[in-house]
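Asker: I have a structure here, written as structure tokens, and I will follow up with some questions on it.
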């Protein structure tokens with residue numbers, strides 16, 4: 001059974017027990033806790049003052065070594081990070097203080113283990129930080145959940161989306177702007193738990209597929225599923241994997257793309273992402289802002305007809321990809 005390790009301390013209590021301990025110490029947060037085999041579903045403590053009605057965030061407690069144990073991810077506000085990030089939002093303290101709280105209450109210092117290592121050759125080539133694409137050959141090419149999420153088979157093959165039986169997840173290869181595979185993100189087909197490795201700086205998803213093409217415009221959104229849906233509907237799209245970082249905006253502003261179309265989520269975070277994009281994009285670039293309306297949250301919620309109507313209403317030609 002896996003254990004949570006923080007700064008050379010093993011957390012001796014299970015994460016489920018810790019979450020119930022936290023719930024007993026705070027008010028108006030964690031109103032729902034739903035324990036499943038690989039995930040703990042909780043009402044998110046990071047938005048709406050922790051007082052949302054439905055479970056929107058998950059904490060991973062499975063055995064897959066490719067997924068960080070205790071990783072916290074909210075599908076609504078996109079807050080994510082190691083378990084101590086969840087604790088920090090529960091108590092409204094810093095991540096550093098949250099780490100210390102966990103160590104003081106549940107930590108047991110690990111003993112130093114000395115291993116007789118072979119001499120290291122100073123001129124030996126450093127281990128690559130990139131992922132070998134051969135790992136994708138070990139995974140299944142199709143799963144019905146792809147179609148359920150409106151992802152066409154052609155697009156799934158084009159961008160090498162796979163199904164990993166071991167984690168019951170769709171696997172999304174993520175390349176950097178130079179076309180190097182830097183990480184695999186995963187979405188569980190049952191719990192919808194989404195995992196992004198925390199030790200890799202986020203590139204712009206699918207940016208390497210559009211930067212040298214001469215499309216009339218490129219759509220930009222938050223989530224990978226939304227970008228892939230746009231491709232399935234016939235328009236090139238990239239995803240920020242969130243609301244955008246300094247590195248991502250540096251890449252965008254040094255690119256030759258001259259027309260961006262924002263289609264961020266239909267919520268507070270999506271509107272803030274649009275405002276940020278408008279402020280941070282260089283001024284000689286054309287930007288068209290499309291705001292998804294009504295009860296539809298994002299591109300993946302739209303039918304193809306609804307998606308194309310948004311484009312035509314904004315005088316955008318349909319890109320054929």
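Numbering (the working numbering), first residue to last: 1 to 321. All residues carry an ideal CB built from backbone N, CA and C; glycine is no exception.
Considering just the uninterrupted stretch of the alpha helix (DSSP H) at residue 64, what are its terminal residues?
Answerer: Per DSSP, residue 64 belongs to no alpha helix (DSSP H) and is neither H nor E.
Asker: Would you report the Cα separation of residue 275 and residue 255, rounded to the nearest angstrom?
Answerer: Between residue 275 and residue 255, the alpha-carbon positions lie close to 20 Å from each other.
Asker: Take residue 140 as the anchor and find which of 231, 172, 52 and 260 has the nearest alpha-carbon.
Answerer: Minimum Cα distance to residue 140 is reached at 172.
Asker: Quick check on residue 106: does DSSP put it in helix, strand or coil?
Answerer: helix
Asker: Give the secondary structure of residue 89 by DSSP, where H, G and I count as helix, E and B as strand, and everything else as coil.
Answerer: helix
Asker: Please classify residue 322: does DSSP put it in a helix, a strand, or coil?
Answerer: The requested residue 322 does not occur in the structure, where the chain is confined to residues 1 to 321.
Asker: Identify every run of the alpha helix (DSSP H) within the segment 141-172, keeping only runs that are complete inside it and at least 4 residues long; order them along the chain.
Answerer: For secondary structure counted as the alpha helix (DSSP H) over 4 or more consecutive residues, the segment 141-172 holds these complete runs in sequence order: 144-148 and 153-158.
Asker: Quick check: what's the CA-CA separation for residue 234 versus residue 23?
Answerer: Computed Cα separation, rounded: 46 Å.
Asker: Excluding sequence positions up to five away, which residues of its chain have a Cβ less than 7 Å from the Cβ of residue 263?
Answerer: 219, 221, 290, 292 and 299
Asker: Among 99, 212 and 187, which one has its Cα closest to the Cα of residue 223?
Answerer: Considering only alpha carbons, the answer is 187.
Asker: In this structure, what does DSSP give as the bridge partners for residue 10?
Answerer: 5 and 108
Asker: Should residue 75 be flagged as near chain C, meaning a C-beta pair shorter than 7 Å?
Answerer: This model lacks chain C altogether; it includes just one protein chain.
Asker: Hey, could you find the ends of the alpha helix (DSSP H) residue 229 is sitting in?
Answerer: 224-233
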